[in-house]
Every structure is written in structure tokens, then in C-alpha cells.
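Engineer:
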Amino acid sequence: MKKKLIFFFIAIILSLYFLISLNLNNEKKLSFFKSFISLEKKEIIKKTIFPIQYKDNIISELNYKIRELKTEIINLSKWSNKVNNNKATAGFISNNIYSLSRYIDTSENNFINKANKINNEYRDKGDLVDAPIFSTKLSNYKILEFDLPLLKRGDQSEKPVGYIDTYKDQIILVSGNGFYILSIDKKSLKEENFNYREIKHNLTEVMSGYRNFIPSKFGIKDVTIIDNFIYVSYTKELKPDCYNLSILKSRIGLGELNFEELSIENNQKCIYDYQRFNPHAGGGRIIELENNKIGLSYGSFSFFENILEKNNYWGKNISIDKRNGEVKILSIGHRNVQGLFFDKKKNIIISTEHGPKGGDEINVVELNQSKIENFGWPKASYGEHYQEKTKKEYPLKKSHAKFGFKEPAHYFVPSVGISEVIDCKKTFSVDCENYEFISSSMGNNSFEGDMSLLFFNLDKKIIQQLPINGRIRDMTYLDNNLLLLLEDRPSIGVLKVD
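Under numbering that gives the first Met the number 0, the sequence shown has 5 at position 6, and the numbering climbs by one with no breaks.
#1: Tell me whether G218 is buried or exposed, calling it buried when 16 or more other Cβ atoms sit within 10 Å of its Cβ.
#2: Counting C-beta neighbours from all protein chains within 10 Å, is the total for P148 16 or more, i.e. buried, or is it exposed?
#3: Helix, strand or coil for A379 per DSSP?
#4: Secondary structure at E236, three-state DSSP: helix, strand or coil?
#5: Would you mind sorting I348 into buried or exposed? The rule is 16 or more other CB atoms within 10 Å of its CB.
#6: Looking only at its own chain, which residues have a Cβ that is under 7 angstroms from the Cβ of S490, when we skip the five neighbours before and after it?
#7: Whole-angstrom Cβ separation of K141 and S100, contact assumed at under 8 angstroms?
#8: Enumerate in chain order the residues of its own chain whose CB-to-CB distance from D129 is below 8 angstroms, with the five nearest sequence positions on each side excluded.
#9: Can you tell me where the beta strand (DSSP E) holding K292 begins and where it ends?
#10: Roughly how many angstroms lie between the CA atoms of Q267 and L237, to the nearest whole one?
#11: Can you tell me whether DSSP reads S445 as helix, strand or coil?
#12: Which residue from D458, K315, L137 and I328 puts its Cα closest to that of G281?
#13: Work out the CA separation of I213 and L172 for me, nearest whole Å.
#14: So for R470, helix, strand or coil by DSSP?
#15: Can you tell me which of the three DSSP states R210 falls into?
#16: So, is D497 buried or exposed, given that buried needs 16 or more other C-beta atoms within 10 angstroms?
#17: Give the secondary structure of T351 by DSSP, where H, G and I count as helix, E and B as strand, and everything else as coil.
#18: Give the DSSP bridge partners of R250, in chain order.
#19: Could you tell me if V326 is buried or exposed, where buried requires 16 or more neighbouring beta carbons within 10 angstroms of its beta carbon?
#20: What did DSSP end up calling E419 once you bin it into helix, strand or coil?
#21: What's the C-alpha gap between I371 and S380?
#22: Does DSSP classify V412 as helix, strand or coil?
#23: Label R488 either buried or exposed according to how many other C-beta atoms from any shown protein chain fall within 10 Å of its C-beta, with 16 as the threshold for buried.
#24: With burial defined as no fewer than 16 other Cβ atoms inside 10 Å of the residue's Cβ, what is the status of F402: buried or exposed?
#25: State buried or exposed for Q368, treating a residue as buried only when at least 16 other CB atoms are found within 10 Å of its CB.
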């Protein structure tokens, strides 16, 4: 009898060992038990108790890294050829600046679809829109564009061209690779005579991670100027092939910018570049809040594990005290927030974020709530995963409220590639009598709402589209006009009511 019991217990232990080893690298399997174990302890358990599976996992990671490095070599080779053939198109500063003035045509004939030229796994195959979705009943607008002496997004493996903000009488532009910080005289744009100067800085010295500087999806995530300080967010390599989000700051004036890292408490965790890791989903938008605090959208980097846990910052909007780095979580359940706007009167944050395939969202974060609001990702979305395998492992609920999450104020299917969001100022346009906010969009198909400005009123639930026909990475006000950073040429556009 005693031998049978021993045999029985041995069989149970072996079965459990076999079961765990089979699901060791599956994030969803055994998730309840895994949630109680830290990442560091998980690594120790894998190394000591499951050495074969750990070895197989390391081999898989190395093969993935080899494929990725081969892609980087190809991209660098293409970039090098562009440098040799034409330095001006490779991101080197040029004095050949061209301007273009045009009226915004809102008729259907003006809509364009570049998506048919795209052939990759992220294209919305089979459901491309070829007729306008949104109404275009807005005032007449005119845009004056100035070419920027920077590398095109397409020549940088989809790295953002850059980000902009204003300081006194200057427009400050930080390139997506961190090489250039330009100061552009605001008056020169009005006079249709584009003047700029380079500002000396140490960004490339203090940024960690070489991929931020080469053609890749890594790089600068946003730039914001608050109280004579410039803040820059970027994808930081915390240790080899392990990344998180960091903010650099410098006092801004007429001289050289000397950046240093902003203290953010408990920001020592990182995500390894493996499998679903996507630096494009890192968020990074910075806004000014009250009481010496700034807001930061901390992306999910396309990971699912522990996103809804409150012991990390992945997939969350957070506030950071500029004086001591103290962090408060404002909202959770976000995939990739690209736009933030703080409405002081209503004490809310408008948060615009990328969904997966479809499911871009406009969310309202109410700051006067005692409970942290949960917007559902990665369990709920009106979009769908791109890969069939992911759809099976992580099915997405459509209703948010039914499963205890907050519904988006508006969602977009198909996606619009939503980016920055700002308030709609009446000094800018009479259309702002009826609309509270303006969001910009990227994407490739203006029929869907891409490459446009979207005027919206959340209370009345109405949206109007102004097709710009260029990917709008960032925007800010220039006196009573709207300043757009356009990625396709790339260029700066000054938009005004005609």
C-alpha cells in the first residue's frame, strides 16, 4: 500500500511537471498561478527546474534576434545608400526649403487611399473603405506647408519624423532619431520665409539604446515644454534588449540644451524585445497637469501579461511629480495612448489611443473618481487582433461595460490611426462653437478618417472630418492658427480658416 502511495505521488508530480513545462512560455496558460510570481523569480524557476524548456526558449529568442538583426542590416544598407546619394534626403540639414500653399478640399474627389500600396500583415485586407465615413461640414481652410530638412518616415523603418511644441516666439522641433533639435521663428512662417537654426544638445549622449538612432520603430515619443523646461520621452534600453519608457528634461533658453533623466519612482522594470514586443505601442505622450505634475501615457508595448495589474506602468496613464518623481496611476487598460489633453474646468483627461486592427478609441479619464478607471485592454476592444493565433489565445470582448470596464467615449472601426488631441479654440475657428476637441490622425486612407483632423463633440456624439491628406504626427497652436507636423514629405503646416 505504501509503495502504491509513493508511486501515486510520483505520478502526480511528474504529471504536474509535464503540464507546467508544456505551458511554461504560454502567457495565458496557468496565468492565475503565474500572477503571484515576479518576473525575476520566474526566470530562476525556468533556469533551475525547467532547464530544457529554458534552453529551447533562449534558442527561439536568439533566432528571433538574428532575423531582426538581418532586417536592421538591410535597413541600414538602404539608409547608407541614401546618405551617399543625397545627404539632404537622409536627415542632414539642408537650406533648400520649399513651401506650398493650398486650400483644403472637402469634396469626395479630394480623398485618397494609399493603403492599396501597402502589403504587410497590418493592412486591413478585404475591408478597405473607398467612400467617406464622416461628414465634412466645416468652414473653408487653407494650409501653408514648409518642407522640413529631415529624414522621411519611410526611410527610417516607420520611426516618427519628430514632435513639436512652442516656446516664446519659437517653434521647437525634436527629430524622431534625436539627432536634431530645431528652433523655427514663428514670424517666418507667417511671412512665408522659413527660417530655422539648430540648437546644440546632448540628447544622443544621454539616450540609452542604439536603435533610437538608426532606422527602426524606436525613438523619440513626444516633446513638451513646461515652465522653461523641455521634456522628451523615448524608448529606453534599460539592459540589453529590455526596454521601458523614460523622460529626459533640460532647462530651455537661448543656449545649449543639457538633458538629464527625470526621476520616475519604481520605473526599473522593462520588457524584453521578443515575440509581440512593439516599440510603436510605447505611448509616450506628455502633458502638463496641476500641482507641479505632468501626465504620461505609458504604452503596453503590445504585451498582454500583467497589463491590468497595478504593480507596473504598462498600458496606463500616470502622473509624475516633477519635484520628487512620485507616481500616481490615473487610468489602466490602455493599449497605446497617442494623445492626451487635460481639461482643467471639467477635471478630465481626453485620452486618444490606437486599437489593434480597428478599435481606435477616444476615452475620458475622470480625475475626481476615487477608483482608478479601467478601459479594458487587453481583454476588451472593438477591434481585432491581426494574427489568428492571438485571436484564439486572447479573444477580445466587444462590450466593455458588461465585463466591468469603462466604455470608450467613441471608437473607430476601421481605425483612423488617431494621434494627438487638443481643445478646439474659438480664436482658431468658428467651428469650435460646436466642437470641443480636435484630434489628428495618421494612417493611409482618408476615406476612413485617416490623414485628417477630426472635430468632435462628446456630449452631442458628433464628428466632422477635415481631410489634410498627410499623416499628422503632432500638432499645437501657433497664435490663432493650428500648427501641424506632417510626416509624408515631411513638412510643417500652418492651418487657418480662409
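Where a beta carbon is used, it is the ideal one built from N, C-alpha and C, also for glycine. For clarity, every value in this text was computed on a predicted model and none was experimentally measured.
Structural biologist: Answer, in terms of the structure:
#1: Per the 10 Å Cβ criterion, buried.
#2: So P148 ends up on the buried side.
#3: In the structure shown, A379 sits in a strand (DSSP, three-state: E or B).
#4: E236 falls in the strand class under three-state DSSP.
#5: Burial call: buried.
#6: The residues are E144, F145, D146 and L147.
#7: Indeed they touch by this definition, with Cβ atoms about 7 angstroms apart.
#8: Listed in chain order, the non-local C-beta contacts of D129 below 8 angstroms within the same chain comprise N112 and F446, local neighbours out to five positions each way being set aside.
#9: Element bounds for K292: K292 to Y297.
#10: Answer to the nearest angstrom: the Cα atoms are 8 angstroms apart.
#11: Correct three-state label for S445: helix.
#12: Here the closest residue by C-alpha is K315.
#13: Cα to Cα, the separation comes out at about 19 angstroms.
#14: Note: R470 maps to coil in three-state DSSP.
#15: DSSP, reduced to helix, strand and coil, places R210 within a helical segment of the structure shown.
#16: The residue in question, D497, is exposed, as its Cβ has fewer than 16 Cβ neighbours within 10 Å.
#17: Strand at T351.
#18: In the DSSP assignment, the residues bridged to R250 are F228.
#19: A residue is called buried when at least 16 other Cβ atoms come within 10 angstroms of its Cβ; V326 meets this threshold and is buried.
#20: E419 falls in the strand class under three-state DSSP.
#21: Spanning the two alpha carbons is a distance of roughly 19 angstroms.
#22: In the three-state scheme derived from DSSP, where H, G and I count as helix and E and B as strand, V412 is classed as coil.
#23: The residue is buried, with at least 16 neighbouring Cβ atoms inside 10 Å.
#24: Under this definition F402 is an exposed residue.
#25: Q368 should be labelled exposed.
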